[in-house]
Amino acid sequence: MIELHDTCFVLRKGHFRESDIWLKVLSPSYGVITLFAFGGAKSKRRFCGCLDVFNTLDCRITLSSRKKYYILNEATLLAGQGSLRNNWRRMGEAFNCLAFLEALDIDIDSCRQCFNLLEDLRTTLQAARELPSLFVLFFRFRISCLLGYNPELNICLSCGAKPGDDAYFAYDEGRIYCSQCQSHQSMTKKIRLSKPGLDLLREVKQTFPSQWIDTGLMSDIKRSCGLAMDSFVQYHLGIAYSNGYFRRI
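Counted from 1, the sequence shown has number 173 at position 142 by this note's numbering; the numbering is strictly sequential.
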């Protein structure tokens, strides 16, 4: 058997048989994998009650002899839910973000960045006094950028100039057009963004959750930003949120 040692972020937990547990985790080295903790519901010596969603674990793992599944032999808690346990609203946002991540195909090149983003996400949900009203949309947009769907938000695709007070985001192209050039384009998948809205998208694109803010923005600016991010994610990742679930479209 092949022995592995890695740090993993727990995305989902389930039970099978009487005392066994399975975990879907994000490993910065191996991506999203499923670990089987045999006896995990009873063993305090090997797992010490740390097998919960949103925990970061130091894991000792064995790859089965036929390389068909991963066995979790031992785990130590590195960071956990903390105050999130007592805040059901924050936990709801946390699970929404994890469910979105689960619905994706994360390649090995992106998994470490996604792991770091999740670590910062948990810290922010625990410590921030207030969260942006568009927090979960920020997360989906940021993840899509990490996966390579990286929109150009600085210059007009047509003339190469920086946009003025208004820009038009062509979410199918992942590009923006200035107000002058957009009138000459036959764009059907475009959303108008003001300068503050465009600045917000630029900020979210390159920062972590602990740096996200949308305070001070008018409600119509937030609506256009939310529509731009949601449309971009749905078009390029083919995933939409409906009736409490993420589904392929």
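Where is the CB? At the ideal position from N, CA and C, for every residue including glycine. None of these values were measured; they are calculated from a predicted model.
Please state whether DSSP places residue i in a helix, a strand or coil.
i	result
residue 238	coil
residue 160	coil
residue 53	strand
residue 62	strand
residue 84	coil
residue 79	coil
residue 267	helix
residue 72	coil
residue 155	helix
residue 279	strand
residue 35	strand
residue 255	helix
residue 42	strand
residue 188	coil
residue 181	coil
residue 140	helix
residue 225	strand
residue 104	strand
residue 134	coil
residue 94	strand
residue 244	coil
residue 168	helix
residue 175	helix
residue 206	strand
Rounded to whole angstroms, what is the Cα-Cα separation between residue i and residue j?
i	j	result
residue 180	residue 267	7 Å
residue 1	residue 246	Limits of the chain in this structure are 32 at one end and 280 at the other, which puts residue 1 out of reach.
residue 197	residue 135	32 Å
residue 121	residue 44	19 Å
residue 239	residue 114	20 Å
residue 249	residue 209	21 Å
residue 99	residue 270	28 Å
residue 110	residue 86	6 Å
residue 127	residue 150	15 Å
residue 212	residue 222	14 Å
residue 145	residue 174	7 Å
residue 80	residue 48	18 Å
residue 129	residue 193	35 Å
residue 257	residue 108	36 Å
residue 78	residue 255	46 Å
residue 203	residue 224	15 Å
residue 280	residue 75	43 Å
residue 205	residue 259	10 Å
residue 84	residue 275	18 Å
residue 215	residue 64	48 Å
Measure the beta-carbon distance from residue i to residue j and round it to whole angstroms, keeping in mind my assumption that it falls under 8 Å.
i	j	result
residue 72	residue 90	Not confirmed; about 17 Å, so no contact.
residue 188	residue 148	Residue 188 to residue 148, Cβ: 28 Å. No contact.
residue 294	residue 277	Here the chain covers residues 32 to 280 and nothing more, so residue 294 does not appear.
residue 170	residue 152	7 Å
residue 42	residue 133	6 Å
Measure the CB-CB distance between residue i and residue j and report whether it falls below 8 Å.
i	j	result
residue 243	residue 182	no
residue 102	residue 67	yes
residue 93	residue 59	no
residue 184	residue 236	yes
residue 228	residue 207	no
residue 296	residue 35	With the chain covering 32 to 280 only, the question about residue 296 has no answer from this structure.
residue 139	residue 62	yes
residue 156	residue 125	yes
residue 142	residue 88	no
residue 50	residue 70	yes
residue 154	residue 217	no
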